[in-house]
Every structure is written in structure tokens, then in C-alpha cells.
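Comments concern the structure below.
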Amino acid sequence: MNIVSDPRVMQREAEKLRLAGKRLAVVPTMGALHEGHCTLLREARKHADCVIVTVFVNPAQFGEGEDFARYPRDLPADTARAAEAGADLLFSPDAAAMYGDGYQTFVTVEQVAKPLEGALRPIHFRGVATVVAKLFHLTKPHVAVFGQKDAQQVVVISRMVKDLDFDCELIIVPTVRESDGLARSSRNVYLTPAQRKEAPVLYASLKGAADAVANGERSAAPLTAAIRAAITSRTSGTIDYVSVADGDTLRELAALEHGQHILVSLAVKFGTTRLIDNIPLTVA
Ligand code: PAF
Numbered sequence: 000m001n002i003v004s005d006p007r008v009m010q011r012e013a014e015k016l017r018l019a020g021k022r023l024a025v026v027p028t029m030g031a032l033h034e035g036h037c038t039l040l041r042e043a044r045k046h047a048d049c050v051i052v053t054v055f056v057n058p059a060q061f062g063e064g065e066d067f068a069r070y071p072r073d074l075p076a077d078t079a080r081a082a083e084a085g086a087d088l089l090f091s092p093d094a095a096a097m098y099g100d101g102y103q104t105f106v107t108v109e110q111v112a113k114p115l116e117g118a119l120r121p122i123h124f125r126g127v128a129t130v131v132a133k134l135f136h137l138t139k140p141h142v143a144v145f146g147q148k149d150a151q152q153v154v155v156i157s158r159m160v161k162d163l164d165f166d167c168e169l170i171i172v173p174t175v176r177e178s179d180g181l182a183r184s185s186r187n188v189y190l191t192p193a194q195r196k197e198a199p200v201l202y203a204s205l206k207g208a209a210d211a212v213a214n215g216e217r218s219a220a221p222l223t224a225a226i227r228a229a230i231t232s233r234t235s236g237t238i239d240y241v242s243v244a245d246g247d248t249l250r251e252l253a254a255l256e257h258g259q260h261i262l263v264s265l266a267v268k269f270g271t272t273r274l275i276d277n278i279p280l281t282v283a
């Protein structure tokens, strides 16, 4: 596996591969690679001759008081995992190379970045959209692979790709879960053993909502109430939000309609560790 840290070298390498007729896939990550990322890399392999994984803990998407400093970093382990999962090139720039002196250009996606995560993390999606746009320019991918786990990120990036005419196909991979349902996340390592035991309630409560919709529930309020009740009665977590929203606009819904794509999502804090999860549904 080729390892590149200089953005200009990355860009030249991508250009060379394109000129040689190779189809390129990128899997953007912040490292701390786990089975969820490996699934994205294996999916990327199905769509490309050359799979590029980016490892960059992007300071622009962390607000004050968030976990930028303590975000897990282990480049040697990431390198081994990425190679094992079949990546051809690992791009791992440093922050000074990505955001040099005098840096002042950001990508702001408007409406879909405002609710949910955006309401609590005001600069987060500006940072995500900016770094993903930069990574696309540097790696020149034909396809980019993201996980459904970060559902609002998927909506924001899809909007940016459409609005800014990026010539890149997005592939979204379903959330990879532990055997007890907990969504795989680099942040799960922060959970204490007691919190780890409680955390599967998040997905169980989302599944309860999906079952209720499958059984004919067409109002959002009972769905969010049941999720909230499960989390508050069965865990020590503090709920940031529970949402039933339109899957494309992310506007909160009161009533669900036949054929509508909806996103049931939540964010819950266990001590200082914040977990998010979601289920996308189509109303029958
Ligand atoms: O999902 C992530 O790990 C990050 O938000 C991303 C897309 C790599 C941008 O930093």
C-alpha cells in the first residue's frame, strides 16, 4: 500500500492514475479504523481499480469543548488495517498542510446542515463539507464511499456534491453493528463497561420505532415518545435529540405519509461520550 502525506503529491498521484485509465474510489475517514471502515473499503473495492483511504482528524469540524484533542489516533494500526482491507493508497496529511497560513475558505451547506447535529454543533458540517471538498479535489475520485451511521453527514455531502457539480458518485453503506446492535464507532472505546452494556438500547429503541411504523403507526409523536422512554428508563444516558424527519430535507415530521423516506435518529450522551444512531425507513 502506497502512503502519501503531502497533498500536492496526492493530487499528482491521483492525476497519474486517472490518466492511466484507473477508476478511483475514496473512503474519507478520521482514522481509528474499525470493522465499519473496513466494510466501506471492501465496498469501495467493488467499484474501483484503486481504493484510496484518507486518514485525517479534521480540526475544522470540531467545536470548542469537543473531543478533537482526545480523538483516538493510531496511524500504524490504521495503516495495517487499511492494507488488510485492501486499500491501495493511504493519504494522511497533517493539519498544517490542509489548512495553511491564512486559510479562509469554507463550504457551507445551508438548510440540511442546520437541524439535529447541526443545531448542537454549529460549525461541524461546515468543517465536514470543507474537508470533503478538499479531499475530493486532492484524490479525484470517481466514487466516494460513506457510512449511513452519520446520516446527516450523508445528506449534507449529497447536497454539496449536487449543488457544486462534483463529478463523483456517492455510495452509502448500511451501518455496521456489533452483535448486540450497537453501531460501530471510533468513539465506542470511550464508554465505560457499564455504559457499553446500556448502549445497545439506542438501536433497540430505533428498531422499536421501525416496527411501529411497519405496523401502521403514522404519527411521529408516539415514536419519539417511545424511544425517549426506553432510553431514559433503561440507560444512564442523557438525550440530546430524538427525531423523526424527512429523509431528504431533514425537516421534522408530525405525520408520516405513504412512500415517504424518513429518518429516525437520535443522539445520546453517556458521560462525556456522545453516541449517534439512526434508521432510514420508507413508509409503506
Ligand atoms: O465521517 C468522518 O469520519 C468524517 O466526518 C469525514 C467524512 C472523514 C470528514 O472528516
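First residue of the sequence shown? That's 0 in numbering that gives the first Met the number 0, and the numbers climb one at a time after it. Beta carbons are placed, not taken as given, at the ideal position from N, Cα and C, and that holds for glycine.
On the CB-based measure, 16 or more other CB atoms within 10 Å of its CB, does R295 come out buried or exposed?
Given a span of 0 to 283 for the chain in the structure shown, any question on residue 295 remains unanswerable.
V54 to G215, Cα distance in whole Å?
Spanning the two alpha carbons is a distance of roughly 43 Å.
Between the C-alpha atoms of A113 and V8, what's the straight-line distance to the nearest angstrom?
In the sequence as displayed, the identity of residue 113 is Lys instead of Ala. Between K113 and V8, the C-alpha separation is close to 35 Å.
Could you check if F105 is buried or exposed, using at least 16 other CB atoms within 10 Å of its CB as the buried criterion?
When all chains shown are included, F105 counts as exposed.
Looking at the ligand PAF, does it come within less than 7 Å of P27, judged from the CB to the closest heavy atom?
P27: yes, Cβ under 7 Å from the ligand PAF.
Under a Cβ-count criterion, where at least 16 other Cβ atoms within 10 Å of its own Cβ denotes burial, should Q110 be classed as buried or exposed?
By the 10 Å Cβ count, Q110 comes out exposed.
Taking its Cβ as the centre, do 16 or more other Cβ atoms sit within 10 Å of Y202, making it buried, or is it exposed?
Flag for Y202 reads buried.
Would you mind reading off the limits of the alpha helix (DSSP H) that contains R44?
34–46 is the extent of the alpha helix (DSSP H) around R44.
Does DSSP put P279 in a helix, a strand or coil?
In the structure shown, P279 sits in a strand (DSSP, three-state: E or B).
Within a Cβ cutoff of 7 Å, which residues of the same chain sit near I171, ignoring the five residues on either side of it in sequence?
Contacts found: F145, Q147, V153.
Taking just the CA atoms, how far does V155 sit from V241?
So the alpha carbons of these two residues sit roughly 19 Å apart.
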